[in-house]
Every structure is written in C-alpha cells, then in structure tokens.
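Residue numbering for the sequence shown follows the working numbering, starting at 8 and increasing by one per position. A virtual CB, placed ideally from N, CA and C, is assigned to each residue, including glycine. Source: prediction; values computed, not measured. Here the structure comes first, spelled out in structure tokens, and everything after it is commentary.
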Amino acid sequence: MKKVYLVYPKTLGTIAPEIYGHFSEHIGGVFYDGLWVGKDSEIPNINGFRKDLVEKLRAIHPPVLRWPGGCFAETYDWRDGIGENRPVRPNWWTENDHRYETNEVGTHEFMELCELIGAKPYVAANITSLTPQEIRNWMDYCLSPRGTTTLALEREKNGHPEPFDVPYWGLGNENWGGGGNMRPETYADEYRRMSMLARNVMNGAGRRDIELYACGSNGFDYSWTHGTMPIWAESSKIINGFAMHYYCGKAGDTVNFTDAEWDQLIYQANRMEEIILRNWNIISAHNMQDKCKLVVDEWGCWHPEGTGPSKGYNLFEQQSTMRDAMVAALTLNIFNNHCDKVRMANVAQLVNNLHCLFLAGEENFIVTPTYHVFDLYQGHQGANAIETIVTDNDTLAESLSVSASTKDGKTLVTIGNLSVHNDVEVSLETLGVALPANGKIKTLAADDPRAHNTFDNPEAVTVKVCDFDPTKPITVPKAGIVALEF
Ligand code: AHR
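And the structure:
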C-alpha cells in the first residue's frame, strides 16, 4: 500500500490555467483535415471549423491556443492570411509532405476559433524572415483600438472593428534550429531589438499587460539558456517567458510497444522535471526568476511516422494509446508541482499530429486517451497546488505520479500508476486535516496499456466515474490514471 500525503495547507503556488494550453500549427493535417473543413463542407462546421472538435475542446476549457507554428511561423507572412484573394505559398513543411499553404485560415479565422473554444490566442511571430517593422505592423493590426491606425481600419474593413485580444506573443520559434539557425548570443540580441518594438506598439495600444516570450532551449541543451540569459539579464525591458521545447521522443512502436518500452518512454517523459529544474537554476542564477518564467510551448511524445489513421498522408500523425495518456498525466503533474516556475505549457499538437487530443479525417472524428487526461485535470486550472508526498515511491517502474490542488474548498488529486504490471493500493493521508467521506473518483484505464480509440471503435478508452470514500484506500489500476475530487 502506498500512502499519498496531502500536505495541507502548504501551497506550492497557483497553477496557471495556461499550463493546460494547446498548440495548432499549419502542419500536416492539423488545420486542413483536422480543424478546418471549410464553410461549404457537408461535415458539420461552425464557420468552417469542425463542429464536433470545437464542442469537445470547449468542454475541457482550453485556456490558450498557440498559432501558427512551430517552424511554420518562421516563414509565415501574416499579410497572406487576411482579406480576399489569398496567395498559395510553399509551407515550411512542404519539403516533407508536398502540401502548399492556401492561407484559408489566417488571423481572423484563428481569432474566431479561439473565441469559439473559449481560449486566448498565443501568436508566434516570425522573426527569421520578416522584418521587425512587419511584426510591429501585425501587432498594430491586431491590437490597435477601433478607428485609430490605418491598420486598425484595415482590420475593420476585413470584418473586425474591435481589436483582437492577443495577450501572449512569442518572438520566434526554435531559433537555435529551424528559426534561423542562430547562435544564442545572436538571438538574444535580436530578441532585445524585437521586444523593444513590440513593447512600443503594445503600449501605444494600451496593452501593457501583454506577455512577450523569448525562444527557449531544446530539451537538454542548456547552452542556449547559458548563452541567452546573461544578455537578457544585463538589459531586457520586457521578457515574460523562456519558451522551451521538450519532446520525450519514442520508445518502440506507437501502439505495439513492449512493457520495457513503456518503462523507457515513461522514464524519458519524467525527465521533464530535470529540464525544468536545470533551466530554472540558470534563470535564477541571473536573478531573472521574477521576470522570466518557463513556457513549455511544445511538449509530448513523437512516435514513428505514419501510425495515424491517415497512414502517412498527414505529416507526423500518430495513434495515441494509454501510454501517451500516461505521459500527459505525468507531465501535467510535473507542471502542477512546479507551478511557481511554469507559466504556460502547450501540448503538441491539437489534432492529427504528434501527441494529439483528437484524430479526424473527412466525417470521422475521435478523441484520444490524452483528451481524457485534460478532462480529468481541468479542476487544477487556477487552483492552489498543494504539496504531496508519496511513501514507498522509489523505483520508477513501480511508482506513482501525483499532484494535488485546492480551489473553492474542493480538492483534486490526480494520480498516474506508472507500473504497467501492478495495480496499486493507495490511501490518502493528511497531517491532521479530516477528509470527507464522500467524493468522486474518475478512472481512465484499460486492460491493455496499448488500448486506443479508432474511427471504428471510438470509445475503447473512456472515463468511468464512481462515488468513493476518501478515508478508505482505493486501487489505481496498472497503467491507469485517476482523478479524486472531494
Ligand atoms: O511540432 C512539430 C515541430 O516540432 C514544430 O514545428 C517545431 O517547433 C518542432 O521542432
């Protein structure tokens, strides 16, 4: 029996709702196939966006959606995506999948999508192939109040008199790689230049509250953090986040993995904590911890190509099993437990790509087990994280991933049983606080950890909800995830 101590009232901080954010790039089947079916489509849609997806997504309260990339962002010209007669361009990813960008979805459509799902937009600006002035113009177009600037009037002419509420802007994407192949020092200086211009237009629009994020490190490569942070510490007027990426990669086949490969992937995913701590140490060493939080704006599993239902037609589309759900549960628990450091996170990506919540093609549409994790964890958004201690938790293969939070007098404890072999009995303990005798237990589990949903069997993996007594031990099934609410 494992004991999970809930160390009330010791709070670790507030869990920013934005930790439960998403990412939608113009890549493979994310927009064209997944989200966007077109206004004239026979597939039920709301102004061109797949209705089923909009409704399911809205139900899990997505706080933020990142767009338009990813690598795509660094060759994207926002002017291509407004008004009539939009040009067709090579997409950043055209060399991989021979798709061209039609620009059917541009700024106005993306903002409408955010409104439909109830999320705030997070725009990743192109600093590799557009000039700082052009990015300034994009911000002016989005943010300037009605009837003020020429670009605000153009926005009005295009159907949106009021400014778009874009509270988060990223300046560049992966500028250590696809985004210009820059050295950290070069990027750090570029960021300083770009952020001054951004600040100027934000202030002019009366939007001092906007957060600007700089490109952060790739996985375990801390040389980027070491190279950039002193330059920002020396003089940086505005930097709110260090946008790092970590894909925990693959371990065997997407679906037919071995038990050892389950352990391997869980181990890789669990290293997110080390990455957070090491980056945070560098940020703190430069006394930037109060200004510059961590923004993990791409994370997830990256399995071998061609394992999604479109069988390779959609770039990086992959099936998603209970193993992916466990990676999501474990990663979100890590973010909750480090909510003093993590400002935002965006799982990559929303639909038909990498660690997705949805798979869709023509009239077919399903949610993946990872969707259910975001559903079970909803209550953590904006809650106070409380410290948890798990006794007898020393080997990864037999351990639990746990986080807990309280909000409005309610507690939510989320537990992933990382063992692929054994159910685990768990009792909740407190240091003197009485637990109520009634609660709800929501369980996401399957007999086989390789279980996944398909277009033919869309409910192979779903959530079961039961009453439970928090004062009595519960069983967390092997490779299963529970959310305890009381
Ligand atoms: O998410 C797919 C790609 O992975 C993104 O475009 C890029 O930022 C990362 O390398």
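Handout entry: Unbroken beta strand (DSSP E) run spanning Cys308, endpoints
Key = Position 301 of the sequence shown, counted from the start, is the residue given in the question as residue 308. Residues 300–308.
Candidates Asn144, Glu116, Val262, Ala250, of which the one nearest Tyr198 by Cα: Here residue 198 refers to the residue found at position 191 when the sequence shown is read from its first residue. Of the candidates Asn144, Glu116, Val262, Ala250, the one whose C-alpha sits nearest the C-alpha of Tyr198 is Ala250.
Subject >> Paired residues, beta bridge with Trp43 - DSSP >> reply: Start at 1 with the first residue of the sequence shown, and residue 43 comes out as number 36. Paired residues: Tyr39, Phe56.
- Message: Could you check whether the Cβ of Cys255 sits closer than 7 Å to any heavy atom belonging to the ligand AHR?
- Response: Against the sequence shown, residue 255 aligns to sequence position 248. No; taking the cut-off as 7 Å, the Cβ of Cys255 has no heavy atom of the ligand AHR nearer than that.
- Query: Thinking C-beta only, is Val11 closer than 8 Å to Ile393?
  - Reply: Translated into positions along the sequence shown, residue 393 becomes position 386. Translated into positions along the sequence shown, residue 11 becomes position 4. In this structure, Val11 does not lie closer than 8 Å to Ile393 by Cβ.
### Task
Look at the alpha carbon of Ile142 and the alpha carbon of Arg214, and state the distance between them as a whole number of angstroms.
As a working note, residue 142 is residue 135 in the sequence shown. As a working note, residue 214 is residue 207 in the sequence shown. Looking at the two C-alpha atoms, the distance is approximately 16 Å.
TODO: Please report the Cβ distance between Val358 and Phe365, rounded to the nearest whole angstrom; I am assuming they are in contact, meaning their Cβ atoms lie under 8 Å.
DONE: Working through the sequence shown from its first residue, we reach residue 358 at position 351. Working through the sequence shown from its first residue, we reach residue 365 at position 358. Going by Cβ atoms, the distance from Val358 to Phe365 rounds to 4 Å, so yes, they are a contact pair.
ask   = In whole angstroms, what is the alpha-carbon distance linking Asp260 and Leu219?
value = Within the sequence shown, numbered from 1, the residue matching residue 260 stands at position 253. Within the sequence shown, numbered from 1, the residue matching residue 219 stands at position 212. Computed Cα separation, rounded: 38 Å.
- Message: Going by C-alpha to C-alpha distance, which of Thr395, Lys485, Asn460, Ser434 sits closest to Leu19?
- Response: Translated into the one-based positions of the sequence shown, residue 19 becomes position 12. Measuring from the Cα of Leu19, the nearest candidate turns out to be Thr395.
- Query: If you run the structure through DSSP and keep just helix, strand and coil, what is Leu64?
  - Reply: One-based indexing of the sequence shown puts residue 64 at position 57. The answer is helix: DSSP assigns Leu64 an H, G or I state.
Asp331 - DSSP class collapsed to helix/strand/coil:
For the purposes of this step, residue 331 is taken as residue 324 along the sequence shown, with counting starting at 1. Helix at Asp331.
How many whole angstroms separate the CB atoms of Asn371 and Phe264, which I take to be in contact at a CB cut-off of 8 Å?
In the sequence shown, the residue the question calls residue 371 occupies position 364. In the sequence shown, the residue the question calls residue 264 occupies position 257. Incorrect: roughly 25 Å between the Cβ atoms, too far for contact.
Discussion item. Based on DSSP bridge pairs, tell me the residues matched to Leu366.
Written reply: Here residue 366 refers to the residue found at position 359 of the sequence shown. Looking at the DSSP assignment, Leu366 forms a beta bridge with Ile373.
Item to complete: Return yes when at least one heavy atom of the ligand AHR lies under 7 Å from the C-beta of Ala355, else no.
Response: What you label residue 355 is simply residue 348 of the sequence shown in a count that begins at 1. Under cutoff, so the answer is yes.
Between Phe372 and the ligand AHR, is the CB less than 7 Å from at least one heavy atom? For the purposes of this step, residue 372 is taken as residue 365 along the sequence shown, with counting starting at 1. False, no ligand heavy atom lies under 7 Å from that Cβ.
So Asn180 packs on Gly36, CB below 8 Å; how close in whole Å?
Indexing the sequence shown from 1 puts residue 180 at position 173. Indexing the sequence shown from 1 puts residue 36 at position 29. At roughly 20 Å, the Cβ-Cβ gap does not stay under 8 Å, so Asn180 and Gly36 are not in contact.
Margin query: So, with DSSP's three-state summary, where would you put Ile282?
Written below: As a working mapping, residue 282 is identified with position 275 in the sequence shown. In this structure, Ile282 counts as helix in the three-state DSSP scheme.
**Study point:** Limits of the unbroken alpha helix (DSSP H) element including Ala159
**Key:** As a first step, residue 159 must be located in the sequence shown, where it is residue number 152. First-last of the alpha helix (DSSP H) with Ala159: 157–164.
TODO: Let me know if Asp40 comes out buried or exposed under the rule of 16 or more other beta-carbons within 10 Å of its beta-carbon.
DONE: Residue mapping note: residue 40 aligns to position 33 of the sequence shown, counting from 1. Per the 10 Å Cβ criterion, buried.
### Query
What do you get for Gln356, buried or exposed, if any count of 16 or more other CB atoms within 10 angstroms of its CB means buried?
For the purposes of this step, residue 356 is taken as the residue at position 349 of the sequence shown. By the 10 Å Cβ count, Gln356 comes out buried.
- prompt: How should Met203 be labelled, buried or exposed, when 16 other C-beta atoms within 10 angstroms of its C-beta is the threshold for buried?
  reply: Sequence index remark: in the sequence shown, residue 203 carries index 196 (1-based). Classification of Met203: exposed, given that the 10 Å Cβ count is below 16.
Just list the residues that DSSP pairs Met496 with in beta bridges. Beyond the ends of the chain as shown, which are 8 and 493, falls residue 496; an answer cannot be given.
Stretch pair the region 52–67 + the region 424–432: three plus CB contacts closer than 8 Å: no
Just to check, is the beta-carbon of Asn180 closer than 7 Å to a non-hydrogen atom of the ligand AHR? By one-based count along the sequence shown, residue 180 stands at place 173. Asn180: yes, Cβ under 7 Å from the ligand AHR.
**Item:** Assigned exposure category for Arg200 - 16 Cβ within 10 Å defines buried
**Value:** Taking the sequence shown and counting its residues from 1, the one referred to as residue 200 is at position 193. So Arg200 ends up on the exposed side.
*Based on Cα-Cα distance, which residue from Asn445, Gly446, Asn460 lies nearest to Ala452?*
As a position in the sequence shown, residue 452 is number 445, starting the count at 1. Cα-wise, what sits closest to Ala452 is Asn460.
query: Under a three-way DSSP split, which group does Trp176 fall into?
result: The residue labelled residue 176 in the question sits at position 169 within the sequence shown. Residue state, collapsed to three classes: strand.
### Message
Here's a check: name, in chain order, each residue in its chain whose Cβ is nearer than 8 Å to the Cβ of Glu163, leaving out the five neighbours to either side.
### Response
Position 156 of the sequence shown holds residue 163. Closer than 8 Å at Cβ, skipping near neighbours: Arg153, Gly154.
Leu42 beta carbon near the ligand AHR (any heavy atom closer than 7 Å): Your numbering for residue 42 matches position 35 in the sequence shown. Leu42 Cβ: outside cutoff for every heavy atom of the ligand AHR.
Measure the Cβ-Cβ separation of Ala352 and Gly125 and say whether it is below 8 Å.
Residue mapping note: residue 352 aligns to position 345 of the sequence shown, counting from 1. Residue mapping note: residue 125 aligns to position 118 of the sequence shown, counting from 1. No. Outside cutoff.
Own chain partners of Thr156 with C-beta closer than 6 Å, once the 5 adjacent residues on each side are dropped = In the sequence shown, the residue the question calls residue 156 occupies position 149. So the qualifying residues of the chain are Asp147.
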